[in-house]
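Visitor:
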Amino acid sequence: MSLNSSNLEGPANLLAIVVDIPPHLMLLECGPHHYLNSVLAFANLHLGASVNRKLCIVAATHTTTEFLYPPLYPDDQRVRQKDGRLEQLQCLDECVEKRLKELMLHQHNPVNGQANGCSSAAQPPDSLLSGAMGRALLFLRRHIGSSKAASNTARMLVLKVAGESVGQYLNYINVYLTAQKLGVPVDVCCLMTDCGLLQQGADITGGYYHKLTEPQSLLQTLVVLFSLGSWGGGSGKGGRSGGVVALPPPDTVDYRAACFCHRALVNMANVCSNCLSVYCKTVPLCSTCNVFFPIEMPMKRPAKKRR
Amino acid sequence: MDEEDPKEYRWESGYEKTWEAVTEDTAGRIESSVTDMVLRSKRKRMLARQEAGVRLGIMRHVFIVLDMSSAMNEQDLKPTRHHCLVKILQEFVPEFHEQNPISQLGLIITHNKIAKKFTDLSNNPLKHLENLTKLLEVPCRGEPSLQNSLELAVSSLCHLPPHTSREVLILYAALTTCDPGEISQTIQKVHANNIRVSVVGLAAELHICKLLSSTTGGTFSVCLNDLHLRELVRDQLEPPPAAASMDHTLIKVGFPHQVTANAKPAMCMCHLDDFPSLSTRGYYCPQCNAKYCDLPAECRVCGLMLVTAPHLARSYRHLFPLKQFVEEEYSADLAPNCYGCFKLFDKDGFDKHVYRCSSCKQLFCVDCDIFLHDTVHTCPGCASNPHF
Ligand SMILES: [Zn+2]
Ligand SMILES: [Zn+2]
Ligand SMILES: [Zn+2]
Ligand SMILES: [Zn+2]
Ligand SMILES: [Zn+2]
Chain W
0 MSLNSSNLEG PANLLAIVVD IPPHLMLLEC GPHHYLNSVL AFANLHLGAS
50 VNRKLCIVAA THTTTEFLYP PLYPDDQRVR QKDGRLEQLQ CLDECVEKRL
100 KELMLHQHNP VNGQANGCSS AAQPPDSLLS GAMGRALLFL RRHIGSSKAA
150 SNTARMLVLK VAGESVGQYL NYINVYLTAQ KLGVPVDVCC LMTDCGLLQQ
200 GADITGGYYH KLTEPQSLLQ TLVVLFSLGS WGGGSGKGGR SGGVVALPPP
250 DTVDYRAACF CHRALVNMAN VCSNCLSVYC KTVPLCSTCN VFFPIEMPMK
300 RPAKKRR
Chain H
0 MDEEDPKEYR WESGYEKTWE AVTEDTAGRI ESSVTDMVLR SKRKRMLARQ
50 EAGVRLGIMR HVFIVLDMSS AMNEQDLKPT RHHCLVKILQ EFVPEFHEQN
100 PISQLGLIIT HNKIAKKFTD LSNNPLKHLE NLTKLLEVPC RGEPSLQNSL
150 ELAVSSLCHL PPHTSREVLI LYAALTTCDP GEISQTIQKV HANNIRVSVV
200 GLAAELHICK LLSSTTGGTF SVCLNDLHLR ELVRDQLEPP PAAASMDHTL
250 IKVGFPHQVT ANAKPAMCMC HLDDFPSLST RGYYCPQCNA KYCDLPAECR
300 VCGLMLVTAP HLARSYRHLF PLKQFVEEEY SADLAPNCYG CFKLFDKDGF
350 DKHVYRCSSC KQLFCVDCDI FLHDTVHTCP GCASNPHF
């Protein structure tokens, strides 16, 4: 982590961190402070390693998403002072803290709080991760595009706290397919429980997926798996071959789809031949494209005479 | 049949009097005018598709009929028509499979007065690409036969389930056809079987090709140069508006798990014909547990269509297109930054106009607007709002 500024002209390393901030963050064994501090420390590590590193942090709660970093207005009075590097890190800490407070305030504002109702207490509401990932992707694209150097590398790291997401399926897939097109690997670190949907994203984009069962070691995991493994040495697209650590092989990837009727993940399904909507049962009518299905499976119809 | 109103095929091909529209630019070249025409037709096509709505027969079965007669040796397309076309197809095949996730392609070649099935209907792009490379070695000889090619295509397409879109794409270079019988009967048969035939001519307009495509509801066009040819072939990437008579059904599909850890080495079913090698990586049919190394595939054991959820999702963008954003004059009382990329709006320069999503009311810069509509197809503002 030496502050080597020798490669001023080198290709930029872009990192977008998407942080899940669910209402049940408080229930996390290690507490929300540890969680957020680990993220911040990891962000510091990234920015501090080289001048050519850029960063954005986007937070997702169950009611909204917000950029935590970079600051909207370049803070000119401070940046110009003495050693620019450390100032930038301080700016990072302050900026994230300020935005996070605003975000929490917004969250506890009765108007916004009621918005989601929280009626089903059994199922904690989903965080809007796909929105945050979409914004992070637009940020990355702007910076990949601005400097014409093709060797700019960009990655996304998604942190998710417990709970399976199945809603907004299409939004997630659209983000993944776009990331794949841009050559941006999406790394995923899930705390406590697996998330099949995010795992698909890591697999499609060539990112790395990891489930962390001990939140205490979050920072350590981030540094070992998502920092050294991804940036160290290897420059190939999505290639971690040159990484410092050998990563464990990927697990089973869950490629199930969520049915449109119940949002349940299914192994086998019926798909509308017109629009490919997924149904877990036989339905008489496609609710997406309003097409009727003949009651007898048409396979039984006499085929047209063949010659 | 009478000579039809010429307007009809012009409208169908999307190019209006292409030969008249070609003008020389100041340097005396026609290249730029052709490029412009290609762009304009692209925009038009996008608009037409948005109006057509969701009725798209996405499960397509397409036979490409490739003229391999001596006319393909001509060098008006570089290096030869043959090589140029194969190159275009090599680009076309993977894109076709990406945009038509559960569709199948097949290849028929015609030369020496006969037609031959070169590649069976399949949804494995790798197999097609392999065969296309082989095709480069096949010499182009003799005369093509339209009738034989059509008969062959009909015999393979007619027994497919009724809900599929049956299509033939003919890439034709010759100015003649050598047919054993009355071709108009074959055309009627093609029509009766609900097969849509589109023709892309490499040399000139042929009456019989025009008749064939207009009878079956396909498109007809003649290319101007290699770029134009590429564009005409790429037109076929988009699914055609579903034929009215097409029946809809529920297709049973399986979403296999990919197993890598703790898996026993097994042979994959897709390469049984070649050299079955043992490997641990693969996808397993949820119904019968047969293994496949690549998807999409149709299970050889139980016939289940095997896809992954992202495969299907690729086609949902046809279904749920992102609504156009509303252009607004930028003023100081609007949000200071682009909602998407977090860029400060530059009010005097580049960001005179900003773009607002009509659902979530967030503002975007022009770059994000274009990128969201061209590539992403979801609004991050709407995705950041639990009410959508
Ligand atoms: Zn269901
Ligand atoms: Zn449907
Ligand atoms: Zn099977
Ligand atoms: Zn923007
Ligand atoms: Zn929106």
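Protein chains in written order, with numbering that gives the first Met the number 0: chain W, 0 to 306; chain H, 0 to 387.
All C-beta atoms in this analysis are idealised placements derived from N, C-alpha and C, irrespective of residue type, glycine included.
By the DSSP assignment, the alpha helix (DSSP H) with Phe41(W) in it spans what residues?
Guide: First-last of the alpha helix (DSSP H) with Phe41(W): 30-48.
Visitor: Ligand 3 heavy atoms versus the CB of Cys301(H): any closer than 7 angstroms?
Guide: Answer for Cys301(H): yes, Cβ within range of ligand 3.
Visitor: Compile a chain-ordered list of the residues in the region 374-386 of chain H whose CB is closer than 9 angstroms to at least one CB of chain W.
Guide: Answer in chain order: Thr374, Val375, His376, Thr377, Cys378, Pro379, Gly380, Cys381, Ala382, Ser383, Asn384, Pro385, His386.
Visitor: Examine the Cβ distances between the region 117-129 of chain H and the region 88-95 of chain H and report whether three or more of them are shorter than 8 angstroms.
Guide: The answer is yes - the region 88-95 of chain H touches the region 117-129 of chain H, with three or more Cβ pairs under 8 angstroms.
Visitor: Within the 8 angstroms Cβ cut-off, does Gln87(W) reach chain H?
Guide: It does not; no Cβ of chain H falls within 8 angstroms.
Visitor: Anything with a beta carbon under 6 angstroms from a heavy atom of ligand 5 counts; list them all in chain order.
Guide: Spelled out in chain order, the answer is Cys356(H), Ser358(H), Cys359(H), Gln361(H), Cys378(H), Gly380(H), Cys381(H).
Visitor: What number of angstroms, rounded off, separates the C-alpha of Ser68(H) from the C-alpha of Leu211(H)?
Guide: Distance between the alpha carbons of Ser68(H) and Leu211(H) is about 20 angstroms.
Visitor: Can you look up Phe259(W) in the DSSP assignment and give me helix, strand or coil?
Guide: Phe259(W) falls in the coil class under three-state DSSP.
Visitor: Relative to the C-alpha of Val223(W), which residue among Val252(W), Cys188(W), Ile20(W) is closest?
Guide: Ranking Val252(W), Cys188(W), Ile20(W) by Cα distance to Val223(W) puts Cys188(W) first.
Visitor: Return the chain-ordered list of same chain residues with a C-beta closer than 8 angstroms to the C-beta of Leu159(H), the five sequence neighbours on each side being excluded.
Guide: Within the same chain, Leu159(H) has close Cβ partners His60, Arg165.
Visitor: Give me the Cα-Cα distance between Asp19(W) and Gly302(H), rounded to the nearest whole angstrom.
Guide: Looking at the two C-alpha atoms, the distance is approximately 41 angstroms.
Visitor: Does the beta carbon of Leu343(H) sit closer than 8 angstroms to a beta carbon anywhere in chain A?
Guide: The chain inventory of the structure shown lacks chain A, comprising the protein chains W and H.
Visitor: Which runs of the alpha helix (DSSP H) fall wholly inside the region 159-219 of chain H and span at least 4 residues, in chain order?
Guide: List check, alpha helix (DSSP H) in window: 182-191, 206-215.
Visitor: Give the straight-line distance between the Cα atoms of Gly162(W) and Ala40(W), rounded to the nearest whole angstrom.
Guide: Going by the C-alpha atoms only, they are around 25 angstroms apart.
Visitor: Using the beta-carbon of each residue, find all residues closer than 7 angstroms to any heavy atom of ligand 4 and list them in chain order.
Guide: Any residue whose Cβ sits closer than 7 angstroms to a heavy atom of ligand 4 makes the list: Leu137(W), Arg141(W), Cys337(H), Gly339(H), Cys340(H), Lys342(H), Phe363(H), Cys364(H), Asp366(H), Cys367(H).
Visitor: In angstroms, rounded to a whole number, what distance separates the CA positions of Leu170(H) and Val196(H)?
Guide: Spanning the two alpha carbons is a distance of roughly 11 angstroms.
Visitor: With a 10 Å radius around its C-beta and 16 neighbouring C-beta atoms as the bar for buried, classify Ile369(H) as buried or exposed.
Guide: Ile369(H) is exposed by the Cβ-count criterion.
Visitor: Is it the case that the Cβ atoms of Ala178(W) and Val17(W) are separated by a distance below 8 angstroms?
Guide: For Ala178(W) and Val17(W), no; Cβs fall outside 8 angstroms.
Visitor: Could you name the residues of the region 154-188 of chain W whose beta carbon sits closer than 8 angstroms to any beta carbon of chain H, in the order they occur along the chain?
Guide: The residues in question are Gln167, Tyr168, Leu169, Asn170, Ile172, Asn173, Val174, Tyr175, Leu176, Thr177, Lys180.
Visitor: By DSSP, does Gly105(H) sit in helix, in strand, or in coil?
Guide: Correct three-state label for Gly105(H): strand.
Visitor: Given a cut-off of 8 angstroms on the beta-carbon distance, is the pair Asp178(H) and Lys77(H) in contact?
Guide: No, Cβ-Cβ distance for Asp178(H) and Lys77(H) is not below 8 angstroms.
Visitor: Could you work out which residues of chain W lie near Asp368(H), taking near to mean beta carbons separated by less than 8 angstroms?
Guide: Within chain W, no residue comes near Asp368(H); the closest Cβ sits about 10 angstroms away, beyond 8 angstroms.
Visitor: Going by C-alpha to C-alpha distance, which of Asp373(H), Gln323(H), Cys208(H) sits closest to Tyr354(H)?
Guide: When each option's Cα is compared against that of Tyr354(H), the closest is Gln323(H).
Visitor: Any heavy atom of ligand 1 inside 7 angstroms of the beta-carbon of Tyr168(W)?
Guide: No, the beta carbon of Tyr168(W) sits no closer than 7 angstroms to any heavy atom of ligand 1.
Visitor: Quick check: the region 85-93 of chain W against the region 28-48 of chain W, are there 3 or more CB pairs under 8 angstroms?
Guide: Contact between the region 85-93 of chain W and the region 28-48 of chain W is present, because at least three Cβ pairs lie under 8 angstroms.
Visitor: Closer than 9 angstroms, Cβ to any Cβ of chain H: which residues of the region 253-282 of chain W, in chain order?
Guide: From the region 253-282 of chain W, only Asp253, Tyr254, Arg255, Ala256, Ala257, Leu264, Val265, Asn266, Met267, Ala268, Asn269, Val270, Cys271, Ser272, Asn273, Cys274, Leu275, Ser276, Val277, Tyr278, Thr281, Val282 have a Cβ closer than 9 angstroms to chain H.
Visitor: Does any CB atom of chain W fall closer than 8 angstroms to the CB of Val92(H)?
Guide: Cβ-Cβ to chain W under 8 angstroms: no for Val92(H).
Visitor: Can you look up His386(H) in the DSSP assignment and give me helix, strand or coil?
Guide: Here His386(H) sits in coil by DSSP.
Visitor: Looking at Cys285(W) and ligand 1, is the gap between the Cβ and the nearest heavy atom below 7 angstroms?
Guide: Not so, every heavy atom of ligand 1 lies at least 7 angstroms from the Cβ.
Visitor: Which of helix, strand or coil does DSSP assign to Met191(W)?
Guide: If DSSP states are grouped into helix, strand and coil, Met191(W) belongs with coil.
Visitor: Measure the CB-CB distance between Ser213(H) and Val199(H) and report whether it falls below 8 angstroms.
Guide: In this structure, Val199(H) does not lie closer than 8 angstroms to Ser213(H) by Cβ.
Visitor: State the start and end residues of the unbroken alpha helix (DSSP H) segment that holds Leu145(H).
Guide: Note, Leu145(H): alpha helix (DSSP H), 145-156.
Visitor: How would you list, in chain order, the residues of chain W whose beta-carbon sits under 8 angstroms from the beta-carbon of Lys251(H)?
Guide: By Cβ distance, chain W contributes Met267, Ala268, Asn269, Val270.
Visitor: What are the residues that DSSP puts in a beta bridge with Met58(H)?
Guide: Its beta-bridge partners do not exist; DSSP assigns none.
Visitor: Taking the DSSP output, what are the residues bridged to Asp186(W)?
Guide: Paired residue(s): Leu156(W).
Visitor: Just to confirm, is the Cβ distance from Leu88(W) to Leu54(W) under 8 angstroms?
Guide: The answer is no: Cβ separation not under 8 angstroms.
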